[in-house]
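> What follows is a single structure, and I will ask about it in a moment.
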Amino acid sequence: MPVVTQYVVVRDGEEKMTFNSKAEADAHDKMLDMVDELVPLLKRSDTIDDEQKLEDLAFFLAREREQVVIALGAKRPAKKKSPKPANKKADEDPSAA
Numbered sequence: 009m010p011v012v013t014q015y016v017v018v019r020d021g022e023e024k025m026t027f028n029s030k031a032e033a034d035a036h037d038k039m040l041d042m043v044d045e046l047v048p049l050l051k052r053s054d055t056i057d058d059e060q061k062l063e064d065l066a067f068f069l070a071r072e073r074e075q076v077v078i079a080l081g082a083k084r085p086a087k088k089k090s091p092k093p094a095n096k097k098a099d100e101d102p103s104a105a
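Residues are numbered in our numbering as their position in the sequence shown, beginning at 1, plus a constant of 8.
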């Protein structure tokens, strides 16, 4: 019988999710921490009355945190790597010279 190690994220005594790696479980737990901080912040805006929509928005912002940080100007977007130009000397036919 195989032994399987699983990591369970538990919040307020409730099992939230199960993961096969500690890193995934830690990342999910960190996201839930962000949601816990975002919900009261979003409530202060008085723009969303529906508690479920408020929590959904907090989850969205937590999942998209990299883009949020970029949008707030706290981080620059990653530069897209452009392909290196081909080496002309390598492409030229040496017998043509």
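All C-beta atoms, glycine included, are put in the ideal place defined by N, C-alpha and C. Quantities reported herein were computed from a predicted structural model and do not represent experimental measurements.
1. Can you round the beta-carbon distance between Leu46 and Ala70 to whole angstroms, since I take them to be within the 8 Å contact cut?
2. Could you round the C-beta distance between Asp44 and Val17 to whole angstroms and report it? I think they count as a contact, below 8 Å.
3. Going by other Cβ atoms of all chains shown within 10 Å of its Cβ, with 16 needed for buried, is Ala79 buried or exposed?
4. Quick one: is Ala31 buried, meaning 16 or more other Cβ sit within 10 Å of its Cβ, or exposed?
5. I need the boundaries of the alpha helix (DSSP H) containing Arg19, first residue and last residue.
6. Could you check what DSSP says for Pro72 in three-state terms: helix, strand or coil?
7. Straight-line CA distance for Ser53 to Ala66?
8. Keeping to the same chain, check which residues put their C-beta closer than 8 Å to that of Glu63; ignore five residues upstream and five downstream.
9. Is Lys38 helix, strand or coil by DSSP?
On the basis of the coordinates in this document:
1. Within the sequence shown, numbered from 1, the residue matching residue 46 stands at position 38. Within the sequence shown, numbered from 1, the residue matching residue 70 stands at position 62. Confirmed, about 6 Å.
2. The residue labelled residue 44 in the question sits at position 36 within the sequence shown. The residue labelled residue 17 in the question sits at position 9 within the sequence shown. With 8 Å as the limit, Asp44 and Val17 do not qualify as a contact, their Cβ atoms being about 13 Å apart.
3. One-based indexing of the sequence shown puts residue 79 at position 71. Classification of Ala79: exposed, given that the 10 Å Cβ count is below 16.
4. For this step, residue 31 is matched to residue 23 along the sequence shown. That one is exposed.
5. Taking the sequence shown and counting its residues from 1, the one referred to as residue 19 is at position 11. Run containing Arg19: none in the alpha helix (DSSP H); it sits in the beta strand (DSSP E), 15–19.
6. Working through the sequence shown from its first residue, we reach residue 72 at position 64. The sequence shown places Glu at residue 72, not Pro. Here Glu72 sits in coil by DSSP.
7. Here residue 53 refers to the residue found at position 45 of the sequence shown. Here residue 66 refers to the residue found at position 58 of the sequence shown. Each residue's Cα considered, the two are about 13 Å apart.
8. The residue you call residue 63 lines up with position 55 of the sequence shown. The residues are Val43, Val47.
9. In the sequence shown, counting from the first residue as 1, residue 38 sits at position 30. Three-state result, Lys38: helix.
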